[in-house]
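Notes for the one structure printed next.
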Amino acid sequence: MTTAQFVLSEGVLNLPDAYQDRSINVLKFKNVAATLVVTRAWDIKPDEDENFINQQLAKVKRSMKKVVMGDVDDSDIAGLPAREVSLRFENQHVMVYEKLAVTRVENHLLVLTFSRTEPFNADADAFWVSIKSGLQLRA
90 MTTAQFVLSE GVLNLPDAYQ DRSINVLKFK NVAATLVVTR AWDIKPDEDE NFINQQLAKV
150 KRSMKKVVMG DVDDSDIAGL PAREVSLRFE NQHVMVYEKL AVTRVENHLL VLTFSRTEPF
210 NADADAFWVS IKSGLQLRA
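Mapping of the sequence shown onto this note's numbering: residues 90 to 228, in sequence order.
Shown next, in the form of structure tokens:
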């Protein structure tokens, strides 16, 4: 039987079999008044990455108010090529400022969404850059 480990904030969960991580991680950062959401998109073929991003942005446009989006630009996450966009929108009468970055890791997409209720400033931008560069991929 194959065993696997899943790392939690509380410790390591030893599992009796291999798994596919479909979790959504929500991390709050009080010092920069921001939230990071980490998700994974499986079953997206490599030639469909850009389409995935466009679909996600279209969902935001449909479901949120006062949406303003920048261009989707080249970026990187831990040295991996990524696509990134800055946007803002109103959600339940609160303006949300967000940076979204997507990269391919092995056979899936890793999606980082960094959100604030205040516009990004130099400190928040530097924090975002440190998040993207701070990923350490498994060997």
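Even glycine gets a Cβ: it sits at the ideal position worked out from N, Cα and C.
Cβ-based neighbour list, residue i, same chain, cut-off 7 Å, excluding 5 preceding and 5 following
| i | result |
| --- | --- |
| N103 | T92, Q94 |
| T128 | I113, V200 |
| N180 | M153 |
Through-space distance from residue j to residue i, alpha-carbon basis
| i | j | result |
| --- | --- | --- |
| G223 | A190 | 14 Å |
| P170 | K221 | 11 Å |
| V115 | L201 | 10 Å |
| K155 | A213 | 22 Å |
| D160 | L146 | 11 Å |
| T192 | N120 | 26 Å |
| F209 | A123 | 10 Å |
DSSP beta-bridge partners of residue i
| i | result |
| --- | --- |
| A130 | L198 |
| Y186 | R177, R205 |
| V156 | Answer by DSSP bridge pairing: none, since V156 is not bridged. |
| L125 | L116, F203 |
Reduced DSSP category for residue i - H, G, I as helix; E, B as strand; rest coil
| i | result |
| --- | --- |
| Q145 | helix |
| S219 | helix |
| R193 | strand |
| N140 | helix |
| D106 | coil |
| V161 | coil |
| R111 | coil |
Residue j beta carbon less than 7 Å from that of residue i
| i | j | result |
| --- | --- | --- |
| R177 | I142 | no |
| V164 | V185 | Just to set this straight, residue 164 is Ser in the shown sequence, not Val. No, the pair does not count as a contact, with Cβ atoms beyond the cut-off. |
| I133 | L198 | yes |
Beta-carbon contacts of residue i that lie in its chain and below 6 Å, excluding the five residues immediately before and after
| i | result |
| --- | --- |
| S175 | G159, K188 |
Cβ neighbours of residue i in the same chain (closer than 8 Å, five flanking residues each side left out)
| i | result |
| --- | --- |
| L162 | Before going further, note that residue 162 is Asp rather than Leu in the sequence given. Excluding sequence neighbours, D162 sits near R172, E173, V174. |
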